[in-house]
Amino acid sequence: MELEALRSIYEGDESFRELSPVSFQYRIGENGDPKAFLIEISWTETYPQTPPIISMNAFFNNTISSAVKQSILAKLQEAVEIHLGTAMTYTLFEYAKDNKEQFMENHHPINSTIPISSIISVETPNTAPSSKKKDKKEQLSKAQKRKLADKTDHKGQLPRGWNWVDVVKVRNAYNLSLRQLLRLCRQIMKLISSILSPLHL
């Protein structure tokens, strides 16, 4: 009954939002109003014999201090105690609308965004020559140098085919028979041919 009543009362009201058949949000105040806030009310299984869950954790409220939020929730809880045992969602939303100015009298918007300057420190390049600070080149360990030397020739060039696939290693890794390996090679060649053939047209 209360659900149908809420849908009927708030039909077309942009401030009202039904999150689920047991959970509702209402924006108190217009968009752009620095004192606007959002209340979310969720029914428990034993509602209205037990209090609903009232929350102000929505992102819309991120500029409201926790002290002001707690104050609003405390006042709404007082209203809940008075109406316990009866359908009260509409009553709570209207109570918040009627007392918006009082609820937000101590509200001072907090800046929830972190300034970019505190995240990224921009340094102007120092064009003056400095003998103390020099760019460090990447240092290779002895093992890395030895491994690189083993791969390159006397000119420092990598030999042809250094990154080719070792067919024997592939066969052993995938536990393929010679016949399976040949079939795989044929399929690869067919695929390459099908890709290259349109290029010669």
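Numbering (full-length UniProt numbering), first residue to last: 1 to 201.
Think of the CB as a built atom: it goes at the ideal place given N, C-alpha and C, for glycine as much as any other residue.
Query: Rounded to the nearest angstrom, how far is the Cβ of Ala87 from that of Glu30, given a contact under 8 Å?; Result: Not really, about 27 Å apart at Cβ, beyond 8 Å.
Query: Where does Tyr95 fall in DSSP's three states?; Result: helix
Query: How should Phe59 be labelled, buried or exposed, when 16 other C-beta atoms within 10 angstroms of its C-beta is the threshold for buried?; Result: exposed
Query: Is the beta carbon of Ala74 closer than 7 Å to that of Leu92?; Result: no
Query: For Leu84, name the three-state secondary structure that DSSP assigns.; Result: coil
Query: Kindly list the residues whose CB is nearer than 7 Å to the CB of Ala36, restricted to its own chain and excluding five residues on each side of it in sequence; keep chain order.; Result: Arg27, Ile28, Gly29, Glu30
Query: Report buried or exposed for Ala5, applying the criterion of at least 16 other Cβ atoms within 10 angstroms of its Cβ.; Result: exposed
Query: Could you give the distance in angstroms between the alpha-carbon of Glu105 and the alpha-carbon of Thr50?; Result: 30 Å
Query: Buried or exposed: which applies to residue 241, given that a residue is buried once 16 or more other Cβ atoms fall within 10 Å of its Cβ?; Result: Look at the range of the chain in this structure, 1 to 201, and you will see that residue 241 is not part of it.
Query: Using three-state DSSP, classify Ser42 as helix, strand or coil.; Result: strand
Query: Taking only beta-carbon atoms, is His83 less than 7 Å away from chain C?; Result: Absent from the structure is chain C; it holds one protein chain and no more.
Query: Classify Leu38 as buried or exposed, calling it buried when 16 or more other Cβ atoms lie within 10 Å of its own Cβ.; Result: buried
Query: Could you tell me which residues DSSP pairs with Phe24 in its beta bridges?; Result: Glu18, Ile41
Query: If you follow the alpha helix (DSSP H) that Ser55 is in, where does it begin and where does it stop?; Result: From DSSP, Ser55 is part of no alpha helix (DSSP H) but of the beta strand (DSSP E) over 53-55.
Query: Alpha carbon to alpha carbon, how far is Ser42 from Gln70? Give it in angstroms, no decimals.; Result: 17 Å
Query: State the Cα-Cα distance for the pair Leu184 and Arg17, rounded to the nearest angstrom.; Result: 59 Å
Query: With burial defined as no fewer than 16 other Cβ atoms inside 10 Å of the residue's Cβ, what is the status of Pro109: buried or exposed?; Result: exposed
Query: By how many angstroms is the C-alpha of Leu84 removed from the C-alpha of Gly32?; Result: 34 Å
Query: Going by C-alpha distance, which of Val68, Val22, Leu196, Ser141 is nearest Thr46?; Result: Val22
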